[in-house]
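These notes are about the structure you will find just below.
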Amino acid sequence: MRILALDTSCDETAASIVDAASWRLLADEVASHADRMADFGGVVPELASRAHLIALPLVVARALEKAGMQPADLDAIAVTNGPGLVGALLVGTSYGKALALRLGKPFRAVDHIEGHLYSPLLGALEGAAAPPFPWVALVVSGGHTELYYVESFGKKTRLGSTIDDAAGEAFDKIGKLLGFPYPAGPEVDRYARENEASRSLGPKLPVARTANPFDFSYSGLKTAVLQAWLQDPTEEKKRALVPAAQEAIVAQLVDRVRRAQQQYKPASLVVAGGVAANSRLRALLPEATYPRLRHCADNAAMIALVAALEHRSGTFTPDPWDKDVFARGD
Ligand code: KG4
Ligand code: ZN
34 MRILALDTSC
44 DETAASIVDA
54 ASWRLLADEV
64 ASHADRMADF
74 GGVVPELASR
84 AHLIALPLVV
94 ARALEKAGMQ
104 PADLDAIAVT
114 NGPGLVGALL
124 VGTSYGKALA
134 LRLGKPFRAV
144 DHIEGHLYSP
154 LLGALEGAAA
164 PPFPWVALVV
174 SGGHTELYYV
184 ESFGKKTRLG
194 STIDDAAGEA
204 FDKIGKLLGF
214 PYPAGPEVDR
224 YARENEASRS
234 LGPKLPVART
244 ANPFDFSYSG
254 LKTAVLQAWL
264 QDPTEEKKRA
274 LVPAAQEAIV
284 AQLVDRVRRA
294 QQQYKPASLV
304 VAGGVAANSR
314 LRALLPEATY
324 PRLRHCADNA
334 AMIALVAALE
344 HRSGTFTPDP
354 WDKDVFARGD
């Protein structure tokens, strides 16, 4: 069972091939369009869709070449159908459906968040030990901040999610405010590490309380950082403010995770999504299983993994061709 997986949910065009029988990743290709978006300070959905249209056939061809396969060797196609930018998703799902239809192979829609959620298992494809279930799982990306209790593959309960901005969005928006280019998260991480000694000179920033103790909120923090910056927009202030802001973003994630661990007593903690690359988060949650850095960002290997796990657990049910591709997911 060799599955081609595609993800075009945001500004990365990704294609991956997994062999679900031998449990090996045969190809894992990503073309990022983030550089092109930097001029605009964020993702321009129309430009992202056009970039996917151009890149997708090339990225798929490269994945097939890496795997040493022809299209006819594929047994199934799995494609991210949401959440994400609608135009961008439409490019990937239409391409995937057309290819599956042409090859006469099954098509399967995969939820992007499920991809991130199970991405800490990607290490197992390379021989690492899989974190045992049940998990407390934190999915932190540019679009999502969600906390789950996962009993086993496919059996999850969402404990909480952001009520306004996602953690990655907080990194990006606060970073933009302080002059970092898009996507600001990695730059804020680097700058905060270099200026960690100045953190104590920064303002005391709020860690939001929410009605559901497992929810997240970042809009108040954004306003507090803006006010502190407008009072004193100097380089010296920036050196204190950036690590203080990062600490506040991360402290809220750690707070919710610790509460969930206390309540649910999981066997493992897993952290995934773009913000799982953050060095301060990794330092404060050292016991967690994280995907490799390249699999924290958007990729198709995690979509291939979900399809392979579905195949293994007997839940890989091909979607009918007339299915509304945006109907799945929560
Ligand atoms: O998972 P991802 O690639 O795309 C979405 O599905 O959103 O996550 C991208 C997000 C961006 O907000 C980016 O700034 C953030 O992850 N990010 C980071 C770091 N690396 C990426 N945030 C904080 N520290 C990092 N090192
Ligand atoms: Zn993502």
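Our numbering numbers the first residue of the sequence shown as 34 and each following residue consecutively.
Beta carbons: idealized from backbone N, C-alpha and C, even for Gly.
Treat the numbers as computed from the prediction; the structure is a model and nothing was measured.
Give a single yes or no on whether Ser49 has its beta carbon closer than 7 Å to a heavy atom of the ligand ZN.
Taking the first residue of the sequence shown as 1, we reach residue 49 at position 16. Checking the Cβ of Ser49 against the ligand ZN gives no.
Output the boundary residues of the alpha helix (DSSP H) element that contains Thr41.
Mapped onto the sequence shown, residue 41 falls at position 8. Here Thr41 belongs to no alpha helix (DSSP H), and DSSP marks it neither H nor E.
Going by C-alpha to C-alpha distance, which of Phe349, Gly208 and Ala96 sits closest to Leu254?
Along the sequence shown, read from residue 1 onward, the residue named residue 254 stands at position 221. Ranking Phe349, Gly208 and Ala96 by CA distance to the CA of Leu254 puts Gly208 first.
So what does Trp262 bridge to, in DSSP terms?
Along the sequence shown, one-based indexing puts residue 262 at 229. Here Trp262 is not bridged, per DSSP, to any residue.
Go ahead and label Asp72 buried or exposed: buried means 16 or more other beta carbons lie within 10 angstroms of its beta carbon, across all protein chains shown.
In the sequence shown, residue 72 corresponds to position 39, counting from 1. Classification for Asp72: exposed.
What separation, rounded to the nearest whole angstrom, lies between the Cα atoms of Glu98 and Gly187?
Position 65 of the sequence shown, counted from the start, is the residue given in the question as residue 98. Position 154 of the sequence shown, counted from the start, is the residue given in the question as residue 187. Straight-line Cα distance between these residues: approximately 32 Å.
For the beta strand (DSSP E) that contains Lys189, what are its first and last residues?
Residue 189 sits at position 156 when you count from the first residue of the sequence shown. Note, Lys189: beta strand (DSSP E), Lys188 to Ser194.
Asp363 (DSSP reduced to helix, strand or coil):
Here residue 363 refers to the residue found at position 330 when the sequence shown is read from its first residue. Any reading at Asp363 needs caution, since the residue's pLDDT is 40, under 50, leaving its predicted position unreliable; the model's value is listed next. In this structure, DSSP gives Asp363 a state outside helix and strand, which the three-state scheme calls coil.
Boundaries of the beta strand (DSSP E) in which Thr113 is found, first to last residue:
Stepping through the sequence shown from its first residue, residue 113 is reached at position 80. Thr113 -> beta strand (DSSP E) spans Ala109 to Gly115.
Alpha carbons only, please: which of Thr350, Gly306 and Leu317 is nearest the one belonging to Leu154?
Locating residue 154 in the sequence shown gives position 121, where the first residue counts as 1. Of the listed residues, the one whose Cα sits closest to Leu154 is Gly306.
Starting from Arg232, trace the alpha helix (DSSP H) in both directions and tell me its first and last residue.
Here the question's residue 232 lines up with position 199 in the sequence shown. Arg232: not part of any alpha helix (DSSP H); DSSP gives it neither H nor E.
Cut-off 8 Å between Cβ atoms - residues of its own chain near Ile87, not counting five sequence neighbours on either side:
The residue labelled residue 87 in the question sits at position 54 within the sequence shown. No residues qualify anywhere along the chain.
Alpha-carbon spacing of Tyr224 relative to Ala257, whole angstroms
Position 191 of the sequence shown, counted from the start, is the residue given in the question as residue 224. Position 224 of the sequence shown, counted from the start, is the residue given in the question as residue 257. Using only the alpha carbons, I get a separation of about 19 Å.
Please report the straight-line C-alpha distance between Cys329 and Gly156, rounded to a whole angstrom.
Residue numbering aside, residue 329 sits at position 296 when the sequence shown is read from its first letter. Residue numbering aside, residue 156 sits at position 123 when the sequence shown is read from its first letter. Approximately 12 Å between the Cα atoms of the pair.
The ligand ZN and Ser174: does any heavy atom of the ligand fall closer than 7 Å to the residue's C-beta?
For this step, residue 174 is matched to residue 141 along the sequence shown. For Ser174, the Cβ falls inside the 7 Å cut-off from some heavy atom of the ligand ZN.
At a cut-off of 7 Å, is Asp198 close to the ligand ZN when judged by its beta-carbon and the heavy atoms of the ligand?
Here residue 198 corresponds to residue number 165 of the sequence shown, with the count starting at 1. Asp198 Cβ: outside cutoff for every heavy atom of the ligand ZN.
Any idea if Ser346 is buried or exposed, counting beta-carbon neighbours within 10 angstroms, 16 or more meaning buried?
On the sequence shown, position 313 is the one that residue 346 refers to. Answer is exposed; the Cβ neighbour count stays below 16.
Spatially closest choice to Thr113 from Thr243, Ala48, Gly235 and Gln296, by CA coordinates
Walking along the sequence shown from the start, residue 113 turns up at place 80. Nearest in C-alpha terms to Thr113, of all of Thr243, Ala48, Gly235 and Gln296, is Ala48.
Measuring CA to CA, which of Val290, Arg226 and Pro353 is closest to Ser312?
Here residue 312 refers to the residue found at position 279 of the sequence shown. Closest by C-alpha distance to Ser312, out of Val290, Arg226 and Pro353, is Arg226.
Whole angstroms are fine: how far does the CA of Ile336 sit from the CA of Trp148?
As a working mapping, residue 148 is identified with position 115 in the sequence shown. As a working mapping, residue 336 is identified with position 303 in the sequence shown. Per the sequence shown, residue 148 should be read as Gly rather than Trp. Their backbone Cα atoms lie some 5 Å apart in a straight line.
Identify the continuous alpha helix (DSSP H) that holds Phe166 and give its terminal residues.
Indexing the sequence shown from 1 puts residue 166 at position 133. DSSP places Phe166 outside any alpha helix (DSSP H), giving it a letter other than H or E.
Between Gly307 and the ligand ZN, is there a pair consisting of the residue's CB and a ligand heavy atom that are separated by less than 7 Å?
In the sequence shown, residue 307 corresponds to position 274, counting from 1. Within the cutoff, so yes.
Starting from Ala281, trace the alpha helix (DSSP H) both ways and give me its first and last residue.
Within the sequence shown, the letter at position 248 stands for residue 281. In this chain, the alpha helix (DSSP H) harbouring Ala281 covers Glu268 to Tyr297.
According to the neighbour-count rule (16 or more other Cβ atoms, all chains shown, within 10 Å of its Cβ), is Asn228 buried or exposed?
Position 195 of the sequence shown, counted from the start, is the residue given in the question as residue 228. That one is buried.
Could you check what DSSP says for Glu202 in three-state terms: helix, strand or coil?
As a working mapping, residue 202 is identified with position 169 in the sequence shown. Here Glu202 sits in helix by DSSP.
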